[in-house]
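Residue numbers (the numbering used here), protein chains in the order written: chain F, 714 to 882; chain W, 714 to 882. Positions of the beta carbon are idealized from the N, C-alpha and C atoms, including for glycine. This structure is a prediction, so every number in the text was calculated from the model and none was measured. Worksheet: the structure to be examined is printed underneath.
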DNA sequence: CATGAAATTTAGCGGAGGCTAAATTTTTTA
DNA sequence: TAAAAAATTTAGCCTCCGCTAAATTTCATG
């Protein structure tokens with residue numbers, strides 16, 4: 714990661730990381746979804762995948778071909794999609810990471826767009842950050858009273874001040 | 714945000730959001746950095762900006778032109794870059810959001826690559842999530858004992874188990 | 001004020017990951 | 001089993017945001 718104290722753009726970090734990062738965010742989305750379906754159905758097909766991810770079949774084909782080249786899925790033209798051992802391991806990691814973020818957001822009181830929030834954040838965090846957020850989740854689980862206190866704190870804060878709210882969306 | 718319970722790819726969310734979201738992640742990076750320099754130096758130039766963000770001047774020009782079209786910077790060919798009122802307001806928001814994320818990561822014990830972690834995450838969170846993470850930061854500030862307890866919990870967890878660590882980077 | 005240096009812009013390319021349209025393969029059904 | 005339908009792939013285009021190379025403008029210096 715070159716210099717740690719220097720700024721880069723999002724694209725800049727992508728370019729820096731793409732050497733030692735196996736998958737792009739997009740590939741992660743596909744692999745995670747394939748893993749989900751493997752768990753429930755035992756297999757995956759292009760048109761199921763494309764419906765689940767709200768993309769066109771042509772887009773799904775392109776990505777699955779990339780995953781195949783990387784040895785993450787077992788796949789031949791017009792065929793059924795399975796995960797390789799490597800793909801399963803990676804998919805399991807992705808799904809767990811997803812759950813860690815979702816749990817965290819849920820803990821701090823996010824209810825609206827919980828899924829999309831999670832989907833966007835999960836690609837941005839390092840392994841180390843995931844581990845730490847997971848630790849925080851576990852900490853709250855062990856001390857429900859503390860989580861309860863945070864919720865009260867939140868209540869008060871929201872009740873007390875009509876949030877100034879910077880309108881930048 | 715269309716259907717809340719449906720999955721999309723990262724790119725899919727981008728495409729969905731680009732209607733009601735003013736800036737791309739890239740533009741946010743540039744605007745945030747211009748804002749930083751306005752605070753310290755009072756102005757910005759293309760080559761300063763490009764050095765600060767580790768991009769080539771040509772890339773900075775392109776983005777600043779986009780920000781000008783959106784009415785966020787006051788800028789003419791070969792000239793000095795200033796922020797408009799709209800740009801200042803938005804930049805202030807971006808810098809605050811950055812600080813909120815950085816503080817949160819720091820709280821949960823992230824020290825390595827803190828800057829890059831922050832830079833990547835900040836673009837992914839909604840206003841609502843930012844407000845809630847800020848609330849969590851404030852909660853910890855009000856209850857340093859709780860943060861201390863989390864740190865001890867973390868210590869123990871790290872000491873106790875040689876983290877299994879899924880090797881997916 | 002002319003000339004070289006520095007700063008900036010323009011033009012055009014590349015990769016990621018969408019899309020459509022058209023071609024191809026597989027499956028269904030009569 | 002042949003024709004229609006459904007699924008999949010290929011080809012080619014678009015946007016974002018990097019890049020390089022070349023053109024242009026501004027600045028500095030004698």
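- Contact between residue 794 of chain F and residue 756 of chain F holds, with the beta-carbon distance rounding to 7 angstroms and staying under 8 angstroms.
- Taking residue 763 of chain W as reference, the option from W/838, W/751, W/777 and W/754 with the minimal CA-CA separation is W/777.
- With respect to residue 811 of chain W, residue 738 of chain W sits apart: the two C-beta atoms are not nearer than 9 angstroms.
- Across the set F/860, F/800 and F/732, the C-alpha of F/860 shows the shortest separation from the C-alpha of residue 819 of chain F.
- Taking CB atoms only, residue 795 of chain W has no neighbour in chain F less than 9 angstroms away.
- Fully enclosed alpha helix (DSSP H) runs of no fewer than 4 residues occupy 759-766 and 770-782 of the region 747-808 of chain F, in order along the chain.
- Between the region 784-801 of chain W and the region 823-841 of chain W there are fewer than three C-beta pairs closer than 8 angstroms, too few to call the two in contact.
- With 16 or more other Cβ atoms inside 10 Å of its own Cβ, residue 768 of chain F counts as buried.
- Residue environment for residue 742 of chain W: buried (at least 16 other C-beta atoms within 10 angstroms of its C-beta).
- Non-local beta-carbon contacts of residue 758 of chain F in its own chain, meaning distances under 7 angstroms to residues more than five positions away in sequence, involve 793 and 794 in chain order.
- Below the 7 angstroms Cβ cutoff, chain F contributes 818, 823 and 830 as neighbours of residue 842 of chain W, in chain order.
- Residue state for residue 852 of chain W is assigned as helix, using DSSP reduced to three classes.
- If you draw a straight line from the Cα of residue 809 of chain W to the Cα of residue 840 of chain F, it is about 25 angstroms long.
- Our two residues, residue 766 of chain W and residue 718 of chain F, have alpha carbons roughly 11 angstroms apart in a direct line.
- Between residue 822 of chain W and residue 845 of chain F, the beta carbon gap of about 5 angstroms places them in contact (Cβ cut-off 8 angstroms).
- Just so you know, the alpha carbons of residue 847 of chain F and residue 824 of chain F end up roughly 19 angstroms apart.
- Taking 7 angstroms as the upper bound on Cβ-Cβ separation, chain F lies near residues 742 and 746 of the region 740-761 of chain W.
- Counting along the chain, no alpha helix (DSSP H) covers residue 720 of chain F, and no H or E run does either.
- Assignment of residue 733 of chain F by DSSP, reduced to helix, strand and coil, places it in the coil class.
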